[in-house]
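Chains as they are written, first to last, in my numbering: chain A, 1 to 328; chain B, 329 to 656. Notes for the one structure printed next.
2 protein chains.
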Amino acid sequence: MNTEVQTLLTSGVTLTDAALERLLPASTTEPHSIHRAMRHSVFAGGKRLRPILCMEAARMVAATGQLPPGAAELGAAIEMAHTYSLIHDDLPALDNDDLRRGKPTCHVAYGEAIAILAGDALQNLAFQVLADLPAPPATIVAILRDFALSIGTGVGAPTAITPGMIGGQVVDIESEGIHPTAELVERIHRAKTGALITTSIVTGGLLGLAHLPTEPGAPGPGSGTRVSTNLNHPDLIARLRTFGENAGLAFQIVDDILDMTQTSAELGKTAGKDTAAIKATWPAVYGIEQSQKDAASLIADAFAALAPFGPAATPLKSLAQYLVDRTH
Amino acid sequence: MNTEVQTLLTSGVTLTDAALERLLPASTTEPHSIHRAMRHSVFAGGKRLRPILCMEAARMVAATGQLPPGAAELGAAIEMAHTYSLIHDDLPALDNDDLRRGKPTCHVAYGEAIAILAGDALQNLAFQVLADLPAPPATIVAILRDFALSIGTGVGAPTAITPGMIGGQVVDIESEGIHPTAELVERIHRAKTGALITTSIVTGGLLGLAHLPTEPGAPGPGSGTRVSTNLNHPDLIARLRTFGENAGLAFQIVDDILDMTQTSAELGKTAGKDTAAIKATWPAVYGIEQSQKDAASLIADAFAALAPFGPAATPLKSLAQYLVDRTH
């Protein structure tokens, strides 16, 4: 890992953790048990990859070199949603995991009832944080829409939707024991992992747009053409979405590979579970070598989407490269 | 029950159910199981009291006699939040209820994993619906803030909060088996039931304000002084909040009384559970007769808060009266 990425990751964790510390109720606040349970899982040593991607997308779009106001809070909201999904995934009725990042899972530490409610409360708090972002109301509503669509059952018409985070989880549960096809695995991965990573980047971009220096005579912040690239607003968001979708899928493929090749101690969670349960994973369909090639190819596509941003895209691209090069 | 209330309830159910039908993914939409589970619980015969209170608050504030655009959708979002809380409450790890409104609870019909995720998805969809309300972004953000604060662990500074819906649920769980004090019961009731009822009315009012006829020269919708009462915006919302808090507490007291005096068949759920579990209820502290007096007194306070609205408040007041007069 190069020094630049190491710095991004280290400062990103610090910024995210400080925002989470500000936004989560104190563990001494009543009712104690749920606030302790929320903090137990939120501060269990997560790498904060989603908030860091969110903050760097916001910084790139705002084009000032600085993090726009509210970027750390938005990242914290995304981390809360991620943590809620892990708490509920780990429950006995779902994946029944006792260990997460080397620590007891929420229901092991606090009991099932509190774990269910702590997950609920973290989803709730994520949305609550959006309402207080220092951004124009129209930006907050756009962020709310993309975020909610991404972490729900899916996006689209009531009769045909692309699964979101919860939808992906359901497809994953329902396909256990079924021989995984390439189509099924891609569908689960794009929904279960990809949707949250994509909205991290898209909502970061929406926040960045609200703090964009506009051309003279433009009607107001967020409405102008991006000075440095001449991308209009929808094009810019579409490019961030493409970047997020490709990087998100690559991330999950690498996760699948690591699950097969690493020990539990290296991963901080039970390794080999996916194989044991005949789960839908990329290497189960394509083998490890092809999976590695696919991850690299997806990252190349992700990079291409950011081409118009020029050197300002370097941090996001370095992070994406790290996602596929990591070893745990 | 008088004819006016009967009409309000009947037309309110029709409007709410139509909005829910439009907003929920079809049961034929993949992944099927979760969408079927969401619909199973949402369309299990709820009385739609919260959406009806929300719509009537919006109508009263908008002062045109008509429902403002989006009122039924906002009511549907509130009903989704209510349903999600019931699905999770009924789980084996929490209240372990098999029967709700005379039908099998979600986890009995679809299994625990899908019930947990269906609850998650309904909370998510409730927030998603807010993003598309036909109202100015500033109104949507104000609704988002009040709604999220009300249904979370609580409202206030990180070190001292008034419990919201989830917070009330936690206090309720933690106080099982403890001899209930008056203070504890009031705290649980105000949070677990009162907070959602209050936000139904407050957010309805916020939506109504966005569609308010403004005085000549006022800068835009939602910013003017209310023509018919001369209440300014914060006073108006404060009065709706007082109405909601009092009516919400009265509603829960009556629920406690009915649980002690009705059979399971009359209630459509297991009667007498509260007594059996030494739960914190109003009659357990004050006895049934005093509880009835307290409910009546709270409704009188709720009515007083609406005095400046004059005859336009009649529907909301009739509904509040119905909440304490009902027999199931």
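For glycine and all other residues, C-beta sits at the position ideal for the given N, C-alpha and C.
Quick check on Asn-96 (chain A): buried or exposed, where buried means 16 or more other Cβ atoms within 10 Å of its Cβ? exposed
If we cut at 8 Å on Cβ distances, does Pro-137 (chain A) have a partner in chain B? yes
Nonlocal neighbours in the same chain, by C-beta distance under 7 Å from Ile-197 (chain A), ignoring five residues either side: Arg-50, Leu-53, Gly-244, Ala-247, Gly-248, Phe-251
What in chain B is Cβ-close to Ala-148 (chain A), meaning under 7 Å? Asn-452, Phe-455, Gln-456, Ala-459
Does any CB atom of chain A fall closer than 8 Å to the CB of Gly-550 (chain B)? Residue confidence is low: Gly-550 (chain B) scores 43 on pLDDT, short of 50, so the model does not pin down where it sits. Its coordinate-derived value is still stated next. No - not a single Cβ of chain A is within 8 Å of the one on Gly-550 (chain B).
Return helix, strand or coil for Gly-439 (chain B), following the three-state DSSP convention. coil
Cβ-based neighbour list, Asp-256 (chain A), same chain, cut-off 6 Å, excluding 5 preceding and 5 following: Thr-281, Trp-282, Pro-283
Just verifying my parser: in three-state terms, what is the DSSP assignment at Gly-615 (chain B)? coil
Reference Gln-334 (chain B); option with closest CA among B:Thr-655, B:Leu-414, B:Tyr-650: B:Tyr-650
Using the C-alpha atoms, what's the distance from Ile-565 (chain B) back to Val-185 (chain A)? 50 Å
Same chain, Cβ closer than 7 Å to Leu-333 (chain A), neighbours up to 5 away in sequence not counted: Not covered by the structure: residue 333 (chain A). The range shown for chain A is 1 to 328.
Quick one, are the C-beta atoms of Ala-121 (chain A) and Gly-480 (chain B) less than 8 Å apart? yes
Would you check if the stretch 170-187 of chain A and the stretch 352-370 of chain B touch, i.e. whether three or more CB-CB distances between them fall below 8 Å? yes
Mind listing the chain B neighbours of Ile-166 (chain A)? Cutoff is C-beta to C-beta under 8 Å, in chain order. Ile-362, Leu-445, Asp-448, Ala-449, Asn-452
My guess is that Arg-239 (chain A) and Pro-308 (chain A) are in contact by the Cβ rule of under 8 Å, so how many angstroms apart are they, rounded? 7 Å
Please list the terminal residues of the continuous alpha helix (DSSP H) segment that includes Glu-73 (chain A). 71-90
Who pairs with Thr-467 (chain B) in a beta bridge, going by DSSP? DSSP lists no partner for Thr-467 (chain B).
Are there 16 or more other CB atoms within 10 angstroms of the CB of Ser-200 (chain A), so buried, or fewer, so exposed? buried
I'd like to know if Gly-204 (chain A) contacts chain B, where contact means its C-beta is closer than 8 Å to some C-beta of that chain. no
Taking the Cβ atom as the reference point for each residue, do Leu-117 (chain A) and Val-483 (chain B) lie within a distance shorter than 8 Å? no
Determine the DSSP secondary structure at Arg-429 (chain B), reduced to helix, strand or coil. coil
Touching or not, the stretch 69-86 of chain A and the stretch 41-50 of chain A, by the rule of three or more beta carbon pairs under 8 Å? yes
Quick one, are the C-beta atoms of Ala-365 (chain B) and Cys-434 (chain B) less than 8 Å apart? yes
Going by the beta-carbon positions, is the gap between Pro-397 (chain B) and Pro-462 (chain B) smaller than 8 Å? yes
Check whether Leu-93 (chain A) and Ala-441 (chain B) have beta carbons under 8 Å apart: According to the sequence provided, residue 93 (chain A) is Ala. The question's Leu does not apply to it. For Ala-93 (chain A) and Ala-441 (chain B), yes; Cβs fall inside 8 Å.
Here's the rule I'm using: 16 or more other beta-carbon atoms within 10 Å means buried, otherwise exposed. How should Thr-16 (chain A) be labelled? buried
Tell me, please, which residues DSSP counts as bridged to Gly-482 (chain B). B:Pro-491
Would you mind telling me which residues of chain B sit closer than 7 Å to Thr-242 (chain A), beta carbon to beta carbon, in chain order? The contacting residues do not exist; Thr-242 (chain A) stays about 22 Å from chain B at best.
Would you say Gly-177 (chain A) lies against chain B (beta-carbon separation less than 8 Å)? no
Anticipated Cβ contact below 8 Å, Asn-452 (chain B) with Gln-123 (chain A), distance rounded: 7 Å
Spatial neighbours of Asp-474 (chain B) within its chain, please: CB distance less than 6 Å, with the 5 preceding and 5 following residues excluded, ordered by chain position. Thr-527, Val-530, Thr-531
Between Ile-471 (chain B) and Leu-419 (chain B), which are expected to be in contact by the criterion C-beta below 8 Å, what is the C-beta distance as a whole number of angstroms? The pair is not a contact, with the Cβ atoms about 29 Å apart (cut-off 8 Å).
Any beta-carbon of chain A closer than 8 Å to the one on Pro-359 (chain B)? yes
Cα-Cα, which of A:Leu-298, A:Thr-261, A:His-233 is closest to Thr-242 (chain A)? A:Leu-298
So what's His-328 (chain A) in DSSP terms, helix, strand or just coil? coil
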